[in-house]
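Enquirer: Please read through the structure below; I'll follow up with questions.
Number of protein chains: 2
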Amino acid sequence: MAPRNPCFSNLAAGYLFPEVAKRRREFAAKHPEAKIISLGIGNTTEPIPPSICEALSASAVELGTKKGYSGYGDEQGKLELRKAISIGWYGGLVRDDEVFVSDGAKCDLGRLALLFGPGVSVAVQDPAYPVYVDSSVMLGQAGGKEESSGAYRGLTYMACRPENGFFPDLGKLSKTDLIYFCSPNNPTGAVATRAQLQSLVDFARKNRSIILFDAAYAGYIRDQDLPRSIFEIDGAREVAIEINSFSKYIGFTGVRLGWSVVPAELAFDDGTSVRQDWNRVNTTIFNGASNIAQAGGLAMFTMTGKEEMRGLIGFYLENASLIRDALRSAGFETWGGDNAPYVWARVNGKTSWQSFEDILDRANIVTTPGSGFGSAGEGFLRFSAFGHREDILEACGRLKGM
Amino acid sequence: MAPRNPCFSNLAAGYLFPEVAKRRREFAAKHPEAKIISLGIGNTTEPIPPSICEALSASAVELGTKKGYSGYGDEQGKLELRKAISIGWYGGLVRDDEVFVSDGAKCDLGRLALLFGPGVSVAVQDPAYPVYVDSSVMLGQAGGKEESSGAYRGLTYMACRPENGFFPDLGKLSKTDLIYFCSPNNPTGAVATRAQLQSLVDFARKNRSIILFDAAYAGYIRDQDLPRSIFEIDGAREVAIEINSFSKYIGFTGVRLGWSVVPAELAFDDGTSVRQDWNRVNTTIFNGASNIAQAGGLAMFTMTGKEEMRGLIGFYLENASLIRDALRSAGFETWGGDNAPYVWARVNGKTSWQSFEDILDRANIVTTPGSGFGSAGEGFLRFSAFGHREDILEACGRLKGM
Numbered sequence: 001m002a003p004r005n006p007c008f009s010n011l012a013a014g015y016l017f018p019e020v021a022k023r024r025r026e027f028a029a030k031h032p033e034a035k036i037i038s039l040g041i042g043n044t045t046e047p048i049p050p051s052i053c054e055a056l057s058a059s060a061v062e063l064g065t066k067k068g069y070s071g072y073g074d075e076q077g078k079l080e081l082r083k084a085i086s087i088g089w090y091g092g093l094v095r096d097d098e099v100f101v102s103d104g105a106k107c108d109l110g111r112l113a114l115l116f117g118p119g120v121s122v123a124v125q126d127p128a129y130p131v132y133v134d135s136s137v138m139l140g141q142a143g144g145k146e147e148s149s150g151a152y153r154g155l156t157y158m159a160c161r162p163e164n165g166f167f168p169d170l171g172k173l174s175k176t177d178l179i180y181f182c183s184p185n186n187p188t189g190a191v192a193t194r195a196q197l198q199s200l201v202d203f204a205r206k207n208r209s210i211i212l213f214d215a216a217y218a219g220y221i222r223d224q225d226l227p228r229s230i231f232e233i234d235g236a237r238e239v240a241i242e243i244n245s246f247s248k249y250i251g252f253t254g255v256r257l258g259w260s261v262v263p264a265e266l267a268f269d270d271g272t273s274v275r276q277d278w279n280r281v282n283t284t285i286f287n288g289a290s291n292i293a294q295a296g297g298l299a300m301f302t303m304t305g306k307e308e309m310r311g312l313i314g315f316y317l318e319n320a321s322l323i324r325d326a327l328r329s330a331g332f333e334t335w336g337g338d339n340a341p342y343v344w345a346r347v348n349g350k351t352s353w354q355s356f357e358d359i360l361d362r363a364n365i366v367t368t369p370g371s372g373f374g375s376a377g378e379g380f381l382r383f384s385a386f387g388h389r390e391d392i393l394e395a396c397g398r399l400k401g402m
Numbered sequence: 403m404a405p406r407n408p409c410f411s412n413l414a415a416g417y418l419f420p421e422v423a424k425r426r427r428e429f430a431a432k433h434p435e436a437k438i439i440s441l442g443i444g445n446t447t448e449p450i451p452p453s454i455c456e457a458l459s460a461s462a463v464e465l466g467t468k469k470g471y472s473g474y475g476d477e478q479g480k481l482e483l484r485k486a487i488s489i490g491w492y493g494g495l496v497r498d499d500e501v502f503v504s505d506g507a508k509c510d511l512g513r514l515a516l517l518f519g520p521g522v523s524v525a526v527q528d529p530a531y532p533v534y535v536d537s538s539v540m541l542g543q544a545g546g547k548e549e550s551s552g553a554y555r556g557l558t559y560m561a562c563r564p565e566n567g568f569f570p571d572l573g574k575l576s577k578t579d580l581i582y583f584c585s586p587n588n589p590t591g592a593v594a595t596r597a598q599l600q601s602l603v604d605f606a607r608k609n610r611s612i613i614l615f616d617a618a619y620a621g622y623i624r625d626q627d628l629p630r631s632i633f634e635i636d637g638a639r640e641v642a643i644e645i646n647s648f649s650k651y652i653g654f655t656g657v658r659l660g661w662s663v664v665p666a667e668l669a670f671d672d673g674t675s676v677r678q679d680w681n682r683v684n685t686t687i688f689n690g691a692s693n694i695a696q697a698g699g700l701a702m703f704t705m706t707g708k709e710e711m712r713g714l715i716g717f718y719l720e721n722a723s724l725i726r727d728a729l730r731s732a733g734f735e736t737w738g739g740d741n742a743p744y745v746w747a748r749v750n751g752k753t754s755w756q757s758f759e760d761i762l763d764r765a766n767i768v769t770t771p772g773s774g775f776g777s778a779g780e781g782f783l784r785f786s787a788f789g790h791r792e793d794i795l796e797a798c799g800r801l802k803g804m
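Set out below in structure tokens:
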């Protein structure tokens, strides 16, 4: 038969979250009486706020009318939405024709990797959202896993640990073509400071690297001094692509809506415009985000929508604060949870998966093992702040009682 | 800077439909008084039928309630929808765990190409939907364009012309790893018979090829003798993947919903399950279709939904019939339009683009140049049957008067 993509044999076993879900199912089957609470996958739990929900349903209703019906839209997204993102999110720092609306950050990451082909060298934070690594492997930008270290061959891992303030030691890094960077970070909850991001941009300019900046949690930044976009940093327009998402801001995880920003100045080594190729990818193997989802996203930029978004983010940040306090009471050392919906906790004397099983067993709480995000995540667990308040309070009580 | 994906430099100028849109805009700017009618891109124009529209808006409303809210769903799609497709579309010919719900056929084609890596050999019908070729080029499965022929190096073009009944001469074809095949065909409107598809499946089995069968217009087949799925053909489960879409059945072009079927038996040459890798692609760089869109898709399988779908398809097929009659009156030789929403017309003494300009100029009608679908489409135009009835009638009048 037709041959398999040889890169796929390099991929290690299941993607992290399906594996977590499988272990949860197995536990539930063995303990049908257990009331399991998930602080695992970062899946939103609260209803979509009223005015945004109203925009979604109004858009659906309109599609049933001759006047309001629309078919294919621009693959890059509705112009009003691109404008709203340009002005409402970035305050004009980026132009509307640099914004590409998508069906979510995960999907955009898969398509973005395609821009660079199999020959590029890639650096990722360690720990990191697994999609950066897995999509690189799928496209041949990394090789197979080394048995001993668990690292993919050819990838550069930038360790981000408490000891370095979760920011890579750039002085020790060699040049790579691409640098994936996520702030506020999934999974550690760390947020890079302006000075740190400036050093990252300077590093990329010096090394002629492109930064794929994942800002999907930027809306969680409350501290006014912390940058919410890579494009607040001098020189970033020449070296950075930003990815963002409505998922965690207005409960759109299931609705599917995100965006990317590719500045006009950004070019490959041969001078070709990156935006031009990105446009080609979007028009060729993507067909735009759902028009209903886009109508909802647009509503986020109204006065009411912005307030609702702030309320929802505030709710999850309160959850994060409760979880962090409970973990600290239980003796865990923690990070994150201030400007991010994730709390990162060190587990002493156990591996991440052992601790995952232990907490599932003793407290019936699902977490995410830090080692699933990379070897520098070994010995940590990620706690997600997405949950109903009553579940979070119940989980906090159980954690304190462990 | 980081290098460009070298495959991208092999891609010829703009994707077809943006080019058509650009020429339309230029014409409109020069002739602001002209009432342009588009029979170009296959973009649905009629409202989403009532019960399906109701399901969409009800789903959006539910997302605003604590009880009805849902976040991430399974990347493969809601189980009810996979079951509905398995039973309601295929009558049980395929199982629900072989169905993967997507955000549309175009997006699925981009992801499917990734399954096979850069080394595979690819055959496409000529003319063909440009995405098959462009995604193959992006992934390195084809090389640059030959100046003289306009063909991409390494691709096998299976000419489909009136002379061979729009079905490739399989006896003259050499083995390739992948065969893209679309029936009902976009752009020619030709529908392969059961015997033709049996010969295609036999050819694939003999040559150990995988068929990527695009059935996005299968709902338009009215003739009971014509197969609506490749899986109606003996042996297809060992050699075929099917792609389908809600876009043209219930006006979902903007809503974004489709599906693929990968049979459990299908394997690569090393024995690995294709479905397993497809699942990995879907869970790693895709995050499921919009939950609202899926609720709408599910409504298509109710009694009322099915009737509404048949009504909408019937409407567009009537349009096709009107267009075909008008073209014949105007002296064009035509094909298709019986079991497909496209009419394929031969233009004598002109190239496709010349005729495109001519009809735009004289009748203010936008068409799609056949040559945009491949060199065997040169000398033809595609007329899309998607339009309001009054526009179709007006266009038909203009065509007759040319």
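Protein chains in written order, with the working numbering: chain A, 1 to 402; chain B, 403 to 804. A virtual CB, placed ideally from N, CA and C, is assigned to each residue, including glycine. The structure presented is a predicted model; accordingly, all values stated were derived computationally and were not measured.
#1: Residues of chain E with CB under 8 Å from D269 of chain A, in chain order?
#2: Identify, in the order they occur along the chain, each residue of the same chain with its Cβ nearer than 6 Å to the Cβ of N609 of chain B, setting aside the five sequence neighbours on each side.
#3: Quick one: Cα of L833 of chain B to Cα of E75 of chain A, how far?
#4: Our contact map puts R658 of chain B next to N287 of chain A with C-beta atoms below 8 Å; I'd like the distance itself, whole angstroms only.
#5: Looking at T770 of chain B: is its Cβ nearer than 8 Å to the Cβ of G442 of chain B?
#6: Skipping 5 residues on each side, what residues in its chain have a beta carbon closer than 7 Å to that of C396 of chain A?
#7: So, for G154 of chain A: in the same chain, excluding its five sequence neighbours on each side, which residues have a beta-carbon less than 6 Å away from its beta-carbon?
#8: For L495 of chain B, collect the residues of the same chain with a Cβ closer than 6 Å to its Cβ; drop the 5 residues on either side in sequence, then sort them by chain order.
#9: Exposed or buried, which one is G311 of chain A when buried takes at least 16 other CB atoms within 10 Å?
#10: Would A507 of chain B and I645 of chain B qualify as a contact pair, given that the criterion is a beta-carbon distance under 8 Å?
#11: In chain A, which residues lie with their C-beta within 7 Å of the C-beta of K468 of chain B?
#12: Can you tell me which of A:S135, A:G42, A:C160 puts its alpha carbon nearest to the alpha carbon of S247 of chain A?
#13: Please go through the stretch 217 to 304 of chain A and give each complete beta strand (DSSP E) segment of 3 or more residues, from N-terminal end onward.
#14: Can you check whether the CB of L56 of chain A is closer than 8 Å to the CB of I292 of chain A?
#15: Give the single residue among A:R328, A:L360, A:Q198 whose Cα lies nearest to the Cα of R346 of chain A.
#16: Could you confirm whether any beta carbon from chain A is found closer than 8 Å to the beta carbon of C409 of chain B?
#17: Counting only C-beta atoms, is M138 of chain A closer than 8 Å to chain B at any point?
#18: Could you tell me whether the stretch 32 to 39 of chain A touches the stretch 359 to 379 of chain A, using the rule of 3 or more Cβ pairs below 8 Å?
#19: Using a Cβ-Cβ distance cut-off of 8 Å, determine whether K508 of chain B contacts chain A.
#20: Please classify Q696 of chain B as buried or exposed, where buried requires at least 16 other C-beta atoms within 10 Å of its C-beta.
#21: In whole angstroms, what is the alpha-carbon distance linking V535 of chain B and V526 of chain B?
#22: I need the DSSP call for M70 of chain A, collapsed to helix, strand or coil.
#23: Give me the Cα-Cα distance between E548 of chain B and M804 of chain B, rounded to the nearest whole angstrom.
#24: To the nearest angstrom, report how far apart K802 of chain B and A430 of chain B are at their CA atoms.
#25: Just mark P452 of chain B as buried or exposed, buried being the case when its beta carbon has 16 or more other beta carbons within 10 Å.
#26: For a contact meaning CB atoms closer than 8 Å, what does V131 of chain A contact in chain B?
#27: With a 10 Å radius around its C-beta and 16 neighbouring C-beta atoms as the bar for buried, classify K78 of chain A as buried or exposed.
#28: What residues in its chain sit with their C-beta under 7 Å from that of P227 of chain A, if we drop five residues either side in the sequence?
#29: So C160 of chain A is in the alpha helix (DSSP H); what residue range does that whole segment cover?
#30: Check each residue of the stretch 290 to 319 of chain A: if its Cβ is closer than 7 Å to any Cβ of chain B, include it; give the result in chain order.
#31: Please identify the residue among A:F315, A:A204, A:A330, A:G150 whose C-alpha is closest to the C-alpha of S371 of chain A.
#32: Chain B beta carbons: is any one of them nearer than 8 Å to that of R161 of chain A?
#33: State the DSSP-derived secondary structure class of G336 of chain A, mapped to helix, strand or coil.
#34: Can you confirm whether T446 of chain B, when its beta carbon is compared against all beta carbons of chain A, has any partner nearer than 8 Å?
#35: Is the beta carbon of E667 of chain B closer than 8 Å to that of R639 of chain B?
#36: Between P589 of chain B and chain A, is any beta-carbon pair separated by less than 8 Å?
Expert: On the basis of the data shown:
#1: Included in the structure are the protein chains A and B, with no chain E among them.
#2: Taking the second sequence and counting its residues from 1, one reaches residue 609 of chain B at position 207. These residues qualify, in order along the chain: K577.
#3: This structure cannot settle anything about residue 833 of chain B, because the visible part of chain B is limited to 403 through 804.
#4: As a working mapping, residue 658 of chain B is identified with position 256 in the second sequence. As a working mapping, residue 287 of chain A is identified with position 287 in the first sequence. Yes, R658 of chain B and N287 of chain A are in contact; Cβ-Cβ is about 7 Å, under 8 Å.
#5: Position 368 of the second sequence, counted from the start, is the residue given in the question as residue 770 of chain B. Position 40 of the second sequence, counted from the start, is the residue given in the question as residue 442 of chain B. Yes.
#6: Numbered from 1 along the first sequence, position 396 holds the residue referred to as residue 396 of chain A. L322, I323, A326.
#7: Taking the first sequence and counting its residues from 1, one reaches residue 154 of chain A at position 154. The residues are A142, G143.
#8: Within the second sequence, numbered from 1, the residue matching residue 495 of chain B stands at position 93. So the qualifying residues of the chain are F633.
#9: Counting from one through the first sequence, the residue named residue 311 of chain A turns up at place 311. Label assigned to G311 of chain A: exposed.
#10: Counting from 1 along the second sequence, the entry for residue 507 of chain B is found at position 105. Counting from 1 along the second sequence, the entry for residue 645 of chain B is found at position 243. In contact: A507 of chain B and I645 of chain B (Cβ atoms closer than 8 Å).
#11: Stepping through the second sequence from its first residue, residue 468 of chain B is reached at position 66. By Cβ distance, chain A contributes P47.
#12: The count along the first sequence starts at 1 and reaches residue 247 of chain A at position 247. Measuring from the Cα of S247 of chain A, the nearest candidate turns out to be A:G42.
#13: 240 to 245, 258 to 261
#14: Here the question's residue 292 of chain A lines up with position 292 in the first sequence. Here the question's residue 56 of chain A lines up with position 56 in the first sequence. In this structure, L56 of chain A lies closer than 8 Å to I292 of chain A by Cβ.
#15: Counting from 1 along the first sequence, the entry for residue 346 of chain A is found at position 346. Comparing Cα-Cα distances from R346 of chain A to each of A:R328, A:L360, A:Q198, the minimum goes to A:R328.
#16: If you number the second sequence from 1, residue 409 of chain B lands on position 7. True, the Cβ-Cβ gap to chain A drops below 8 Å.
#17: Residue 138 of chain A sits at position 138 when you count from the first residue of the first sequence. Yes, its Cβ sits closer than 8 Å to a Cβ of chain B.
#18: yes
#19: Taking the first residue of the second sequence as position 1, residue 508 of chain B is located at position 106. Judged by the 8 Å Cβ criterion, K508 of chain B is in contact with chain A.
#20: In the second sequence, counting from the first residue as 1, residue 696 of chain B sits at position 294. Counting Cβ neighbours within 10 Å, Q696 of chain B comes out buried, since at least 16 surround it.
#21: In the second sequence, the residue the question calls residue 535 of chain B occupies position 133. In the second sequence, the residue the question calls residue 526 of chain B occupies position 124. For V535 of chain B and V526 of chain B, the distance between alpha carbons rounds to 7 Å.
#22: In the first sequence, counting from the first residue as 1, residue 70 of chain A sits at position 70. It is Ser, not Met, that sits at residue 70 of chain A in the sequence shown. Looking at S70 of chain A - three-state DSSP - the assignment turns out to be coil, as it is neither helix nor strand.
#23: Counting from 1 along the second sequence, the entry for residue 548 of chain B is found at position 146. Counting from 1 along the second sequence, the entry for residue 804 of chain B is found at position 402. Their backbone Cα atoms lie some 36 Å apart in a straight line.
#24: Working through the second sequence from its first residue, we reach residue 802 of chain B at position 400. Working through the second sequence from its first residue, we reach residue 430 of chain B at position 28. Distance between the alpha carbons of K802 of chain B and A430 of chain B is about 22 Å.
#25: In the second sequence, residue 452 of chain B corresponds to position 50, counting from 1. Result: exposed.
#26: For the purposes of this step, residue 131 of chain A is taken as residue 131 along the first sequence, with counting starting at 1. Residues of chain B passing the Cβ test: T686, I687.
#27: Looking up residue 78 of chain A in the first sequence gives position 78. Answer is buried; the Cβ neighbour count reaches 16.
#28: Residue 227 of chain A sits at position 227 when you count from the first residue of the first sequence. Answer for P227 of chain A: R194, L197, I233, listed in chain order.
#29: Position 160 of the first sequence holds residue 160 of chain A. C160 of chain A -> no alpha helix (DSSP H), and no H or E assigned at all.
#30: S290, N291, I292, A293
#31: Residue mapping note: residue 371 of chain A aligns to position 371 of the first sequence, counting from 1. The option with the nearest alpha carbon to S371 of chain A is A:G150.
#32: For the purposes of this step, residue 161 of chain A is taken as the residue at position 161 of the first sequence. Cβ-Cβ to chain B under 8 Å: no for R161 of chain A.
#33: As a working mapping, residue 336 of chain A is identified with position 336 in the first sequence. In this structure, G336 of chain A counts as strand in the three-state DSSP scheme.
#34: Here residue 446 of chain B refers to the residue found at position 44 when the second sequence is read from its first residue. Chain A contact via Cβ: present.
#35: Locating residue 639 of chain B in the second sequence gives position 237, counting from the first residue. Locating residue 667 of chain B in the second sequence gives position 265, counting from the first residue. A contact, by the Cβ cut-off of 8 Å.
#36: As a first step, residue 589 of chain B must be located in the second sequence, where it is residue number 187. So, not an interface residue.
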